[in-house]
Ligand code: SF4
């Protein structure tokens, strides 16, 4: 798996943004630089991220996706979907076709089931309505759409409400990932990182609702010991079982409390930034 940040430019200011808040290296919007970077990356899925990748426009994105395909790799296009609502339908169809040809899918960050919470999380006025319209446009264009719902201190109590919302209003999505906030970038520090134990009952309820509504789900950045009967939905377990390398091994580490755990061989442990904030599991 390989992640490329096309640029910093974005139309939101999410509290959970993991892109470095300030500084960082030089960024290039030149297609040739992106292609060079991708060609040098480790094998596997190519994750096109930003900023907001759709702001690159259809021409550049289609060329980029064609190059990913030529390398025999699959692509994931990460987006908040606001630009999808704004771009002409024909452009969205072109991007969707190029993405499909690269065996890929859109990964849409969808942080809330209501406008007020959406705004609190993304600071994008009118973002909720646009995001919903954007997702519907992507689905209408025939694209595979995965949703990512980032769990933070702002929204964890609303997880069951989000699951119900998705079941009712986001039919047609390929799958839904509940992803605990990374304590890096703009989200560095403790403010938005709830305790795993506080999240667990709400998440289990949300996963139950998804199961009842046949929404395929997965969970990232919350260890299996906090997922109750849903422990198999933890995405690291498959990677660990297959011995895959990746960020899960660098970002997570087992702690003293892991001793004797039944998942010891299948779980890399909690996120290091979580332990830096909460000191223990
Ligand atoms: S290894 Fe540690 S973090 Fe992972 S499931 Fe076991 S106790 Fe939890």
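Residue numbers (the numbering used here): -17 to 263.
Backbone N, C-alpha and C define an ideal beta-carbon position, used for all residues, glycine too.
Can you give the Cα-Cα distance for residue i and residue j, rounded to whole angstroms?
i, j, result
"residue 148", "residue 48", "32 Å"
"residue 223", "residue 217", "11 Å"
"residue 21", "residue 14", "11 Å"
"residue 212", "residue 186", "7 Å"
"residue 55", "residue 61", "19 Å"
"residue 6", "residue 195", "Its pLDDT being 47, under 50, residue 6 is placed unreliably in this model, and the value from its coordinates should be taken loosely. Cα to Cα, the separation comes out at about 42 Å."
"residue 262", "residue 184", "21 Å"
"residue 29", "residue 50", "10 Å"
"residue 67", "residue 177", "35 Å"
"residue 127", "residue 243", "35 Å"
"residue 138", "residue 131", "10 Å"
"residue 42", "residue 84", "15 Å"
"residue 8", "residue -14", "Confidence in residue 8 is poor, its pLDDT being 48 and thus under 50, which makes the residue's placement too unreliable to answer from."
"residue 175", "residue 238", "21 Å"
So, using beta-carbon positions, are residue i and residue j closer together than 8 Å?
i, j, result
"residue 129", "residue 99", "no"
"residue 81", "residue 115", "no"
"residue 65", "residue 45", "no"
"residue 210", "residue 234", "no"
"residue 168", "residue -3", "yes"
"residue 75", "residue 123", "yes"
"residue 88", "residue 59", "yes"
"residue -8", "residue 19", "no"
"residue 26", "residue -12", "no"
"residue 136", "residue 103", "yes"
"residue 105", "residue 164", "no"
Report all residues from its chain with a CB closer than 7 Å to the CB of residue i; omit the five preceding and five following residues, and keep chain order.
i, result
"residue 166", "0, 255"
"residue 221", "228, 230"
Excluding sequence positions up to five away, which residues of its chain have a Cβ less than 6 Å from the Cβ of residue i?
i, result
"residue 219", "248"
"residue 162", "133, 203, 204"
"residue 273", "Residue numbering for the chain in the displayed model covers -17 to 263; residue 273 lies beyond these limits and cannot be assessed."
"residue 198", "157"
"residue 208", "178, 182"
"residue 236", "251"
"residue 206", "213, 216, 245, 249"
Leaving out five residues before and five after residue i in sequence, what residues of the same chain have Cβ atoms less than 8 Å from its Cβ?
i, result
"residue 188", "141, 142, 144, 145, 160"
"residue 101", "107, 109, 110"
"residue 117", "63, 66, 90, 92, 127, 129, 152, 155"
Can you give the beta carbon distance from residue i to residue j, rounded, assuming they're within the 8 Å contact cut?
i, j, result
"residue 109", "residue -6", "7 Å"
"residue 57", "residue 90", "That pair is no contact at about 15 Å."
"residue 120", "residue 78", "7 Å"
"residue 40", "residue 73", "4 Å"
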